[in-house]
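Protein chains in written order, with numbering that gives the first Met the number 0: chain A, 0 to 194; chain B, 0 to 198. Using N, Cα and C, we set each Cβ at its ideal position, and we do this for glycine too. Note that this is a predicted model, so its numbers are computed, not measured. Below is one structure, written out as structure tokens, with a few remarks after it.
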Amino acid sequence: MEFGSSVLEELSIAGDTAHISDQCFNILVTHACQGLLAASNRDDIANDTSFKDTDKGSLKSAYSGLVTLITEATKWDAEPSSIGAVLEECKFTIDRINSFNNIYLAKKPLIQILLGSIGKSPPHIVDVDWRLDYYIKNNHLDKVNQPVYLITLKTEIPGNSELQEIQFSCSMEQLQDLVGKLKDSTKCLEKIGQM
Amino acid sequence: MLLVLEDEHKKHLSFLPSVDIAVVKEFCRISMEFIRKGTNPKVYTSAAQKLGVEADQVQNGVEGLMYLLTESSKLMLNQVDYQDSIIVLGFSEDLREMLLQLYKENRKEVRTILSEISMDLPHYRNLEWRFDVQLASRSLRRQTTPLILFKLHTESYGEQESHILQTDPVNLVHLTKVLDEALQEMKSPYCRRIVRNIK
Chain A
0 MEFGSSVLEE
10 LSIAGDTAHI
20 SDQCFNILVT
30 HACQGLLAAS
40 NRDDIANDTS
50 FKDTDKGSLK
60 SAYSGLVTLI
70 TEATKWDAEP
80 SSIGAVLEEC
90 KFTIDRINSF
100 NNIYLAKKPL
110 IQILLGSIGK
120 SPPHIVDVDW
130 RLDYYIKNNH
140 LDKVNQPVYL
150 ITLKTEIPGN
160 SELQEIQFSC
170 SMEQLQDLVG
180 KLKDSTKCLE
190 KIGQM
Chain B
0 MLLVLEDEHK
10 KHLSFLPSVD
20 IAVVKEFCRI
30 SMEFIRKGTN
40 PKVYTSAAQK
50 LGVEADQVQN
60 GVEGLMYLLT
70 ESSKLMLNQV
80 DYQDSIIVLG
90 FSEDLREMLL
100 QLYKENRKEV
110 RTILSEISMD
120 LPHYRNLEWR
130 FDVQLASRSL
140 RRQTTPLILF
150 KLHTESYGEQ
160 ESHILQTDPV
170 NLVHLTKVLD
180 EALQEMKSPY
190 CRRIVRNIK
């Protein structure tokens, strides 16, 4: 985990009591985490009255430095000790380093999920619907008399809030084949899980 | 169940007793050929010339046989019902026997052909799966995210399509369980009773 001089400068501002007071520091770190997690929280800091005595320029720099640190630390799965080393370099007090780590570590799993969802992946199956019909006849053929399953796979695509669907039909034998293969893959998973 | 032959159909088939039984046999062969591959009018004219009759008569005879075959196969007539249905044509025993053979030998194939032209939904063909563990991405290193990747092959009117999908272990177990339940449903007393009663 390495940072450019501009980021280190911004972090130094966040660590400096002359710019960010002790009461404000924790609130600022919380805002930085929340801002990362949801776009709707991104402007909250501008409306927070706790910062009415803080210089807007310094606040902006400190916020940007902290967001960069949180993103990079999560991306590299950094240990609290190595985060501490970076912050020490930026003249943070032990108290500030500890409170940063406390607030950040509580949110880290959520930020990991967020960063993990960035990028392309195939549609992710999250549910399935089925319907069982008995196919009796059609305009060309009487006495077809076969069970037919209609299967709908519900899939999720990152960045798309609506579920997509994949629909297909199966005869009894085809569904047996499908379920057999799914059971094989589940077994394979269980075996690996026991290793 | 009997197949009720329409008057026009009977009239078309009435041409058959007027030719030699070997010719009828050839007509039977041609009618199956046409059901498989579609009709070829040239065959009618050349056969008509050889027999010294109108091409229309040959055409009506062969197409009458095709219609008889497809309708009987569609209804899945049993042998007795089939024989009873064609008795109204007033054919000789030899000719009726030949028509019975034609039906017996080809019913299965005709039904396969009919099922191919029937309405089709995209249906399952195959599922390939593999198990991966995602270790890192540009935005997040040091992951261990287990993933099951699927390639689902479906087919509709002979056109094959494949979908690449993925899922996680929890959803895989869920998916397997729900589809297994669907499979068991067909064996339930309710479904069995319905199936027994639809004949």
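Original post:
Which same chain residues, not among the five before or five after Y43/B, have their C-beta less than 6 Å away from its C-beta?
Top reply: The residue given as residue 43/B occupies position 44 in the second sequence. Correct list, in chain order: A54, V57 and Q58.
Original post:
Hey, S72/B and R110/B are a contact pair by Cβ (cut 8 Å); roughly how many whole angstroms apart?
Top reply: As a working note, residue 72/B is residue 73 in the second sequence. As a working note, residue 110/B is residue 111 in the second sequence. Right, the Cβ-Cβ distance comes to about 5 Å (below 8 Å), so this counts as a contact.
Subject >> Proximal residues of chain B, C-beta to C-beta of V127/A below 7 Å >> reply: The sequence position of residue 127/A within the first sequence is 128, counting from 1. What V127/A touches in chain B: L174, V177 and L178.
Original post:
Considering only residues of the same chain and omitting the five flanking positions on each side of E70/B, which have a CB-CB separation below 8 Å?
Top reply: By 1-based counting over the second sequence, the position of residue 70/B is 71. These residues qualify, in order along the chain: L2.
Original post:
Given that a residue counts as buried once 16 or more other Cβ atoms are within 10 Å of its Cβ, and exposed if not, what is T143/B?
Top reply: What you label residue 143/B is simply residue 144 of the second sequence in a count that begins at 1. Classification of T143/B: exposed, given that the 10 Å Cβ count is below 16.
Subject >> Contact under 9 Å by Cβ, L174/A with Y123/B >> reply: Residue numbering aside, residue 174/A sits at position 175 when the first sequence is read from its first letter. Residue numbering aside, residue 123/B sits at position 124 when the second sequence is read from its first letter. For L174/A and Y123/B, yes; Cβs fall inside 9 Å.
Original post:
Of all the CB atoms in chain B, is at least one closer than 9 Å to the CB of I117/A?
Top reply: One-based indexing of the first sequence puts residue 117/A at position 118. So yes, I117/A belongs to the interface.
**OP:** Leaving aside the five residues before and after I135/A along the sequence, list all residues of the same chain whose C-beta is less than 7 Å from its C-beta, in chain order.
**Re:** One-based indexing of the first sequence puts residue 135/A at position 136. Only V143 and N144 meet the Cβ criterion.
Subject >> I110/A vs I150/A beta-carbon contact at 9 Å >> reply: Position 111 of the first sequence holds residue 110/A. Position 151 of the first sequence holds residue 150/A. Not closer than 9 Å, so no.
Subject >> Residue range of the unbroken beta strand (DSSP E) whose run includes R130/A >> reply: Looking up residue 130/A in the first sequence gives position 131. Where R130/A is concerned, the enclosing beta strand (DSSP E) stretches over H123 to Y134.
Original post:
What number of angstroms, rounded off, separates the C-alpha of E96/B from the C-alpha of V61/B?
Top reply: Locating residue 96/B in the second sequence gives position 97, where the first residue counts as 1. Locating residue 61/B in the second sequence gives position 62, where the first residue counts as 1. Between E96/B and V61/B, the C-alpha separation is close to 17 Å.
Subject >> Simplified DSSP state of H122/B, which is helix, strand or coil >> reply: On the second sequence, position 123 is the one that residue 122/B refers to. H122/B falls in the strand class under three-state DSSP.
Original post:
Does F91/A get closer than 9 Å to chain B when you measure Cβ to Cβ?
Top reply: Working through the first sequence from its first residue, we reach residue 91/A at position 92. F91/A does not count as touching chain B.
**OP:** Return the chain-ordered list of same chain residues with a C-beta closer than 6 Å to the C-beta of I124/A, the five sequence neighbours on each side being excluded.
**Re:** By 1-based counting over the first sequence, the position of residue 124/A is 125. Once the five neighbours on either side are set aside, the close Cβ partners of I124/A are L152 and T154.
Subject >> 9 Å Cβ cutoff met for L126/B and K180/A >> reply: Sequence index remark: in the second sequence, residue 126/B carries index 127 (1-based). Sequence index remark: in the first sequence, residue 180/A carries index 181 (1-based). It is a contact, given that the beta carbons lie within the stated cut-off.
Original post:
Would you say S117/B reaches chain A, if we count a Cβ-Cβ gap shorter than 9 Å as a contact?
Top reply: Translated into the one-based positions of the second sequence, residue 117/B becomes position 118. At least one chain A Cβ lies under 9 Å of S117/B.
**OP:** For Q142/B, decide whether its Cβ has a neighbour in chain A, counting only Cβ atoms nearer than 9 Å.
**Re:** As a working note, residue 142/B is residue 143 in the second sequence. Chain A contact via Cβ: present.
**OP:** Could you tell me the distance, in whole angstroms, from the CA atom of L148/B to the CA atom of H162/B?
**Re:** Counting from 1 along the second sequence, the entry for residue 148/B is found at position 149. Counting from 1 along the second sequence, the entry for residue 162/B is found at position 163. In a straight line, the C-alpha of L148/B is about 10 Å away from that of H162/B.
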